[in-house]
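Chains as they are written, first to last, in this note's numbering: chain A, -17 to 110; chain B, -17 to 110. Every residue gets a Cβ at the ideal spot worked out from N, C-alpha and C, and that includes glycine. As the structure is a prediction and not an experimental result, all values here were calculated from the model. Everything on this sheet refers to the single structure shown next.
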DNA sequence: CTTGACCTTCCAGTTTGTGGAAGGTCCATA
DNA sequence: TATGGACCTTCCACAAACTGGAAGGTCAAG
């Protein structure tokens, strides 16, 4: 399978596959005589794993760790769970921050007429 | 006021003030004979505005627009409100995405023993 | 043999700063 | 007056995670 087919099959864009290879997240692909990359089913599976882990918000370095655990048949599931819980904590902090922004903005917006007049509690609120 | 005092007074780090100047978000500061930047109270107020708008999650380009509206005494408050509502929409989308990640991760984590055994529904879930 | 869809590498840009090096300035104290 | 420490200056590099585009090679069908 060449990179275009691998991209379609894994959900990771061709450009991104090359990028992942360049940063060492995935192993360098085998090449045909003419230099085209070739991907086996195992490599497609790996790419799909990466894609899913990324879509769960794990940073690329976290995905690298997850890949190591995934391939380590003697891993302890507690190690994986610890990573997941820590990541959930990160997500919770982000949600809380966004929620706080949202609350403030909504509060300010509710006080703003939103008409042709210049009077604007939103700007006043930001100015403090 | 030199840049260090401006930083303390506005909450924007000195390095970041220089950066904002370099990208044109704020006007170039006046300089003393020896080349030090000097900030007036108005500039401190502007920096504080920028700091607050950023902390509400507005991107730098959005802050630039807000600054324009802030300084435009003939603005319509509806323009400001529209920006705020759009930004709230962005935030809502981010929150929803994070919430979805969180739900999936928590669901997988709940199925994982988290002990010494290698069996791990989290990795299985990511692998698909 | 040509054409179009692939593939290759490499460089640049995105966003929002942060860290650090090399060197000039200012003020207080010895 | 000299000197030391805390400022300030510019400039370059790095962070995360890609994405776009240019220039050029390859493959398969008609």
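Check: Comparing C-alpha positions only, which one of B/77, B/86, B/-12, B/106 sits nearest to residue 82 of chain A?; Outcome: B/77
Check: Would you mind sorting residue 12 of chain A into buried or exposed? The rule is 16 or more other CB atoms within 10 Å of its CB.; Outcome: exposed
Check: Applying the 10 Å Cβ sphere with the 16-neighbour rule, what's the burial state of residue 9 of chain A?; Outcome: exposed
Check: Give a yes or no on whether 7 Å exceeds the smallest Cβ distance from residue 89 of chain B to chain A.; Outcome: no
Check: In this structure, how does DSSP classify residue 53 of chain A when only helix, strand and coil are distinguished?; Outcome: helix
Check: Looking only at its own chain, which residues have a Cβ that is under 6 Å from the Cβ of residue 93 of chain A, when we skip the five neighbours before and after it?; Outcome: 103
Check: Bridge partners of residue 20 of chain B, per DSSP?; Outcome: B/12
Check: Express the C-alpha separation of residue 22 of chain A and residue -13 of chain A in angstroms, rounding to a whole number.; Outcome: 11 Å
Check: Would a check of beta-carbon distances place residue 22 of chain A closer than 7 Å to chain B?; Outcome: no
Check: Can you grab the Cα-Cα spacing for the pair residue 72 of chain B / residue 84 of chain A, in whole Å?; Outcome: 10 Å
Check: For residue 41 of chain B and residue 17 of chain A, I'd like the C-alpha separation in whole angstroms.; Outcome: 42 Å
Check: Give every residue of the same chain whose Cβ lies closer than 7 Å to the Cβ of residue 30 of chain A, excluding the five residues on either side of it in the sequence, and list them in chain order.; Outcome: -8, -7
Check: Starting from residue 198 of chain A, trace the alpha helix (DSSP H) both ways and give me its first and last residue.; Outcome: Chain A is shown only over -17 to 110; residue 198 of chain A falls outside these bounds and no answer can be derived.
Check: Compile a chain-ordered list of the residues in the stretch 94 to 105 of chain A whose CB is closer than 7 Å to at least one CB of chain B.; Outcome: 94, 95, 96, 97, 98, 99, 100, 101, 102, 104, 105
Check: Does the CB of residue 58 of chain B have a neighbour CB from chain A at under 7 Å?; Outcome: yes
Check: DSSP three-state label for residue 97 of chain B, please.; Outcome: coil
Check: With a Cβ-Cβ cutoff of 7 Å, do residue 110 of chain A and residue 90 of chain A count as a contact?; Outcome: no
Check: Of the residues A/70, A/101, A/86, A/100, which one's Cα is nearest the Cα of residue 86 of chain B?; Outcome: A/70
Check: Quick one: is residue 63 of chain A near chain B, going by C-beta distance under 7 Å?; Outcome: yes
Check: Less than 7 Å between the beta carbons of residue 96 of chain A and residue 56 of chain B, yes or no?; Outcome: no
Check: In chain order, what residues of the same chain have a beta carbon less than 8 Å from the beta carbon of residue 20 of chain A, not counting five sequence neighbours either side?; Outcome: -17, -16, 11, 12, 13, 14
Check: Using a C-beta to C-beta distance shorter than 9 Å, which residues of chain B count as neighbours of residue 77 of chain A?; Outcome: 76, 77, 80, 81, 84
Check: Go through its chain and collect everything with a Cβ distance to residue 7 of chain A's Cβ below 8 Å, but skip five positions before and after it.; Outcome: 32, 42, 45, 46, 49
Check: Any beta carbon from chain B within less than 7 Å of residue 36 of chain A's own beta carbon?; Outcome: no
Check: Considering residue -12 of chain A, what are the terminal residues of the alpha helix (DSSP H) in which it resides?; Outcome: -15 to -8
Check: For residue 70 of chain A, go through chain B and note every residue whose CB falls closer than 8 Å to its CB, in chain order.; Outcome: 84, 87, 88, 91
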